[in-house]
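Single-structure report; data block below.
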Amino acid sequence: MIKQAIYHRPKNQYAYAYDKETLHIQLRTGRNDAEAVQLIHGDPYFWIEKSWQVQRAAMKKVAQDDLFDYWFIAIKPPFRRLRYGFELSNKQETIIYTEKGFYEKAPLDDTAYYFCFPFINEMDVFEAPEWVKDTIWYQIFPERFANGNKDNDPEGVLEWGTAKPSSSNFFGGDLKGVIDHLDYLCDLGISGIYFTPIFKAYSNHKYDTIDYMEIDPQFGDKKTFKRLVEECHKRGIKVMLDAVFNHSGYFFPPFQDVLKNQENSRYKNWFHIREFPIVTEPYPNYDTFAFAKSMPKLNTENHEVKEYLLEVGRYWVREFNIDGWRLDVANEIDHTFWREFRKAVKEVKKDVYILGEIWHDSMPWLHGDQFDAVMNYPFTTGALQYFAKDEINAEEFSHIIQKVLQSYPKNVNEVAFNLLGSHDTPRILTIANGEKQKIKLLLAFQLSFIGTPCIYYGDEIGLTGDQDPECRKCMEWIEDKQDRDLYNHVQKLISLRKNFRVFGNHGQFNFVEANKDTNHIVYTKENADHLFISAMNHSDQEIEITLPFELKDKTIRDLWTNEEFSVKESNLSITLEAYGFRFLLIQK
1 MIKQAIYHRP
11 KNQYAYAYDK
21 ETLHIQLRTG
31 RNDAEAVQLI
41 HGDPYFWIEK
51 SWQVQRAAMK
61 KVAQDDLFDY
71 WFIAIKPPFR
81 RLRYGFELSN
91 KQETIIYTEK
101 GFYEKAPLDD
111 TAYYFCFPFI
121 NEMDVFEAPE
131 WVKDTIWYQI
141 FPERFANGNK
151 DNDPEGVLEW
161 GTAKPSSSNF
171 FGGDLKGVID
181 HLDYLCDLGI
191 SGIYFTPIFK
201 AYSNHKYDTI
211 DYMEIDPQFG
221 DKKTFKRLVE
231 ECHKRGIKVM
241 LDAVFNHSGY
251 FFPPFQDVLK
261 NQENSRYKNW
271 FHIREFPIVT
281 EPYPNYDTFA
291 FAKSMPKLNT
301 ENHEVKEYLL
311 EVGRYWVREF
321 NIDGWRLDVA
331 NEIDHTFWRE
341 FRKAVKEVKK
351 DVYILGEIWH
361 DSMPWLHGDQ
371 FDAVMNYPFT
381 TGALQYFAKD
391 EINAEEFSHI
401 IQKVLQSYPK
411 NVNEVAFNLL
421 GSHDTPRILT
431 IANGEKQKIK
441 LLLAFQLSFI
451 GTPCIYYGDE
461 IGLTGDQDPE
471 CRKCMEWIED
481 KQDRDLYNHV
491 QKLISLRKNF
501 RVFGNHGQFN
511 FVEANKDTNH
521 IVYTKENADH
531 LFISAMNHSD
541 QEIEITLPFE
551 LKDKTIRDLW
561 TNEEFSVKES
571 NLSITLEAYG
581 FRFLLIQK
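Residue numbering for the sequence shown follows our numbering, starting at 1 and increasing by one per position.
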């Protein structure tokens, strides 16, 4: 076996407490290398006559990517502690893998050879809010969603949708506009709204904050926002705000004080200023978000800054009962700050959802002491490459998704924020060159996958637009100009997710087939009550496939057509139209 490919390490996605009594243990091996894996395990203190007492349990191969296989087992140690190793075998050899290395036989004279999970401490168990698992999010860019109150329109406002969006124009979208269209969101099936920033700022996107304690006047006021939250909650809709704590705006009063008073400013340590006097050209001599001189980076290690921002986090939860914080540029802020932030807001409201914006591997933030979840951009990238861009085939797509799932613990994946587009990316219909059938298939995968899905405003009615600011068009409210066929498709998918738990977030996901020649995929989701089978044809040709399951005498329900039928033969062959799919449900 390829020993260099074999890997395990406790206290991360390879070994973690799923709940207060269950350990999830995972092993990585070379692709198609090991044929069987046994977990050798025992209580570290259970000895008889100088021999450590162990048991063996078979692990299951649950995933495969282009390089590796992944083996998994869930185990409940009677006393919540465990020492363990692995026995790997194929036709050529059997080897033992422990923390100390590889052996031909399992050493039982000293537990120090073995990996250790010292104790399942309940405080260390990753625990995200339970409600997130069943939430369907809708991202709103407030300036472009709806204008409900012309009295708070900014100067120079344009008539709704009469011009192309730019980085500097305004159309008057506001909080009252959102209130006016909450029933639209309810009809669609939305149960959570993620708002991009609503605090006082200079730009139309509001990521350059002036005052973290005030609603931007062009959006309304605190009274309007309070009513918005209340109206959302009446309809079973959660509210998540965007916290821009990595940087402020250029017109943030403390930064203006530094510009005015330079080294004598009492706020000079609120920012990362490399030298005085401050200059902005050709590059700023203070740290910023990217190289944006209008977004000076905040020094979250400074006590005053930290206390100010922690109170911002507490205030909007305490006074307005919001349900979540999305944390902008979260990976560029120190871990200590995020640990304190989590403690601060969870003390106000235990089940508030903390979501980090991180575009890369995020395990360091997901041990249960900082974030509940991150925006799942690796999922986004893979899904768009396969369904919308035709850059990868079915097999490559399955490798990406399986790698994503194996990168984090199961309880993290259950609340991962699965988006397809946002204010930072081109519209999904534009990416797919207007080919709606591809987008229908993409949405069918997103809404039947585990995690918590998010729809970017207008994607459900076919809004188009390239990279920002073009992806920030005004929402189209004239029904005749909306793609109602696409809307009905999304609405039906959301309904299935709500009505069938296994379709949503309550089933173990598994790829069954990913055929690079026909470019189709088959995946299942399974729980104690149901087996859900999804087959998708991402090609422009109709195909017929035989499902690799023993289904004789099973009654199957087609969730899309709501028809039931019985299988007379051992296997079931199905026809998939070009860019078509089948959703099949079997009750156990």
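Ideal Cβ positions, reconstructed from N, Cα and C, are used throughout, including at glycine.
Note on F532: 16 or more other CB atoms within 10 angstroms of its CB, so buried under the neighbour-count rule. Its chain contains R427, L429, T430 as the residues whose beta carbon lies nearer than 7 Å to that of T464, once the 5 sequence neighbours on both sides are disregarded; these appear in chain order. In the structure shown, T518 adopts coil according to DSSP, grouped into three states.
Burial state of N393 is buried, judged by a 10 Å Cβ sphere holding 16 or more other Cβ atoms.
The beta carbon of K3 is closer than 7 Å to those of F102 in its chain, skipping five residues each way along the sequence. In this structure D372 does not touch V244 by the C-beta definition: roughly 19 Å separates them, more than the 8 Å allowed. Counting C-beta pairs closer than 8 Å gives fewer than three between the stretch 105-124 and the stretch 168-185, which falls short of the contact rule.
In this structure, the beta-carbon distance from V374 to I358 falls below 7 Å.
For the pair N321 and V229, the Cα-to-Cα distance works out to about 7 Å.
Between the beta-carbon of A58 and that of Q38 there is about 6 Å, and that keeps the pair under the 8 Å contact cut. With at least 16 other beta carbons inside 10 angstroms of its own, P284 counts as buried.
Look at the beta carbons and you see the stretch 491-510 not touching the stretch 374-388: under three pairs across the two are nearer than 8 Å. Our two residues, F337 and R314, have alpha carbons roughly 14 Å apart in a direct line.
Excluding its 5 nearest sequence neighbours in each direction, W47 has C-beta neighbours in its own chain below 7 Å: Q53, listed in chain order.
Under the DSSP definition of a beta bridge, I73 partners with I25. Under the DSSP assignment, H530 falls outside any alpha helix (DSSP H), being part of the beta strand (DSSP E) whose first and last residues are 530-537.
Remark: C-beta atoms of C474 and Q139 do not approach each other more closely than 7 Å.
Rounded to whole angstroms, F549 and L584 show a C-alpha spacing of 12 Å. The beta carbons of T300 and I278 sit no closer together than 7 Å. For V317, no pairing in a beta bridge is given by DSSP. Boundaries of the alpha helix (DSSP H) harbouring K440: 436-448, taken from the DSSP string. Exclusion of the five residues before and after N527 leaves R501, V502, H506, G507, Q508 as the residues of its chain whose Cβ lies within less than 8 Å of its Cβ. With a minimum length of 3 residues, the unbroken runs of beta strand (DSSP E) contained wholly in the stretch 211-289 fall at 238-243. Just so you know, the alpha carbons of N571 and I545 end up roughly 10 Å apart. Pairing H233 with F289 gives a Cβ-Cβ distance that is not under 7 Å. DSSP places H489 in the uninterrupted alpha helix (DSSP H) bounded by 484-499. Remark: C-beta atoms of F581 and A444 approach each other more closely than 7 Å. Our two residues, D33 and N90, have alpha carbons roughly 7 Å apart in a direct line. Secondary-structure assignment with DSSP links Q508 through a beta bridge to E526. DSSP lists S89 as the beta-bridge partner residues of A36.
Under the three-state reduction of DSSP output, K554 falls in the coil class, being neither helix nor strand.
Counting only runs of 3 or more residues that sit fully inside the stretch 128-198, the beta strand (DSSP E) segments are 137-140, 192-195, in chain order. Taking each of M363, D369, H360, W365 in turn and checking the Cα distance to V345, the smallest one comes out for D369.
Between Y250 and S294, the gap from beta carbon to beta carbon is short of 7 Å.
Burial is judged here by how many other beta carbons sit within 10 angstroms of a residue's own beta carbon; G421 has at least 16 and is buried. If you check the CB distance, E395 and A514 come in under 7 Å.
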